[in-house]
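Take a look at the structure below.
Residue numbers (UniProt numbering): 1 to 519.
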């Protein structure tokens with residue numbers, strides 16, 4: 001039986017990587033296989049209406065999504081037969097998520113998918129299992145399998161948070177900090193506590209300490225929300241004790257979302273930092289029929305340029321499914337300005353923030369008190385201090401709700417040529433950051449990773465008050481002039497803030513009451 005390269009599965013060596021050993025052929029690993037969607041033409045037609053914000057575009061239930069657009073029983077059977085031929089074991093199958101998790105020895109996977117796995121070392125990524133070239137599938141799975149994830153376990157993403165540096169800022173940047181409740185007041189969030197809602201939070205490492213959460217919520221005078229840790233693949237709530245590591249991200253997300261929406265359940269999906277782990281965790285959240293999150297917060301990401309096409313397509317498919325069932329996904333746009341930390345002198349945007357099915361959250365620097373914002377500009381603390389991620393996608397076309405928009409920068413004003421990032425913004429500078437408790441330490445943290453749970457908590461409050469989820473909000477927000485505080489000063493490197501949407505802060509920071517009215 002002939003084999004076919006899987007489109008978009010090509011892997012190249014990360015610059016600076018070197019082979020240090022062959023993989024042990026008897027080592028057992030798990031791999032996630034993604035299958036095609038049933039009735040793709042009908043799904044595309046439905047998504048077109050959702051993307052246009054059509055009044056008759058009603059979200060599906062999770063059960064309807066599986067029944068109409070899940071993986072077919074025939075396709076799952078084909079993959080299971082293929083697995084059995086190669087001695088691979090089916091660990092989990094999910095027709096709704098269109099995934100089958102396989103377990104087996106490295107030697108079996110190498111033969112099954114025609115790859116060679118080796119151990120690599122990289123200065124910043126450390127040691128990882130990797131491959132080069134394409135993955136191959138046999139005739140009867142050609143066009144059936146859309147992605148094979150987990151053969152390569154290199155670190156895929158980074159958390160978008162920044163702890164306030166231990167230096168005294170210049171007078172022009174006088175340091176201040178806010179609790180999430182103070183920001184909810186400044187941004188005029190509507191009343192409510194998110195009761196009846198679930199906020200899904202995606203984490204690729206680290207953990208939270210219950211004692212930190214109890215102390216934090218008690219200090220704010222709010223009840224502790226119900227926090228549920230959901231392990232995905234080999235992930236679990238494992239605090240390291242280092243607030244500068246992923247613990248800072250996890251705890252920041254939980255404390256911001258929980259302070260603003262203490263009536264909501266917070267389901268924290270822990271996974272491994274690989275493309276397979278990241279995608280599987282978001283998929284598990286979207287398709288979770290136990291916790292049923294109505295909004296998901298993602299504070300991790302990586303430049304589009306470091307993702308394989310198959311990984312981005314598989315991830316974007318999951319985000320499409322979220323939009324189809326009325327789940328809002330908020331994603332941080334990155335903390336390294338218009339270059340996204342790539343360092344090649346070109347502009348890059350972060351994914352998954354660049355997916356057209358998420359609400360991409362950029363950053364501002366904020367001054368204010370009570371319910372009055374006195375000054376708000378693009379977050380840009382310089383080369384080492386971080387800046388709001390934003391720009392133009394090199395992968396995704398201009399979505400319907402961004403048609404006619406333009407970007408401004410050093411090269412003047414020009415029409416958008418791809419999906420523009422971000423959509424919205426919020427306080428992100430560590431110099432005007434969030435008061436939090438991490439690993440027993442009182443500290444101040446910023447970054448666009450704070451903005452994703454801030455917006456997610458706002459959506460949870462709105463969902464709780466409305467009684468039904470607002471779902472995919474982008475088309476409505478772009479039509480709602482004045483729902484956001486327009487940020488017109490500052491830049492993130494290549495792009496400048498302007499009146500209306502821009503590639504630094506999107507539509508602006510939230511006026512919560514107006515956002516609620518628009519949705």
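By construction, the Cβ of each residue, glycine as well, lies at the ideal position given by its N, Cα and C atoms.
From the listed residues 199, 244, 234 and 245, the smallest Cα separation to residue 228 is found for 199. For residue 41, the enclosing alpha helix (DSSP H) covers residues 40 to 51. The criterion of a C-beta distance shorter than 9 Å is satisfied by residue 438 and residue 251. Linking residue 364 to residue 391 through their CA atoms gives a straight-line distance of about 15 Å. In the three-state scheme derived from DSSP, where H, G and I count as helix and E and B as strand, residue 62 is classed as helix. In the three-state reduction of the DSSP assignment, residue 212 falls in the helix class. In the DSSP secondary-structure assignment, residue 359 is bridged to 330.
Residue pairing from DSSP leaves residue 345 without any beta-bridge partner.
Scanning the stretch 135 to 169 from its first residue to its last, the whole beta strand (DSSP E) runs of 3-plus residues come out as 136 to 138 and 145 to 149. About 6 Å separates the beta carbons of residue 253 and residue 297, which is inside the 8 Å limit, making them a contact pair.
Runs of beta strand (DSSP E) with 3 or more residues, each lying fully within the stretch 356 to 397, are found at 359 to 369 and 372 to 378, listed in chain order.
Between residue 500 and the set 424, 79, 238 and 272, the nearest pair of CA atoms involves 424. DSSP places residue 473 in no alpha helix (DSSP H); its state is neither H nor E. In the DSSP assignment, no residue is bridged to residue 274. For residue 13, the CB contacts under 7 Å within the same chain, skipping 5 residues up- and downstream, are 132 in chain order. Assignment of residue 128 by DSSP, reduced to helix, strand and coil, places it in the strand class.
9 Å or more divides the Cβ of residue 311 from the Cβ of residue 260.
Here residue 140 is exposed. Its C-beta has fewer than 16 other C-beta atoms within 10 Å.
For residue 480, the closest alpha carbon among the candidates 414, 402, 456 and 452 is that of 402. Short of 8 Å from the beta carbon of residue 346, and not among the five residues preceding or following it, lie these beta carbons of its own chain, in chain order: 339.
As computed with DSSP, residue 203 is found in a beta bridge with 270. DSSP links residue 442 through a beta bridge to 437. Residues of the same chain with a CB within less than 8 Å of the CB of residue 487, apart from the 5 flanking positions on each side, are 364, 376, 377, 378, 425, 497, 502, 504, 505, 508 and 509 in chain order.
Following the DSSP letters along the chain, one finds residue 303 in no alpha helix (DSSP H) but inside the beta strand (DSSP E) bounded by residues 300 to 303. Cβ neighbours of residue 334 within its own chain (closer than 7 Å, five residues either side excluded): 160, 301, 340, 350, 353, 389 and 448. Bridge pairing for residue 5: 136 [DSSP]. Contact between residue 16 and residue 123 holds, with the beta-carbon distance rounding to 6 Å and staying under 8 Å. Among the bridge pairs identified by DSSP, residue 28 is matched with 105.
In the three-state scheme derived from DSSP, where H, G and I count as helix and E and B as strand, residue 99 is classed as strand.
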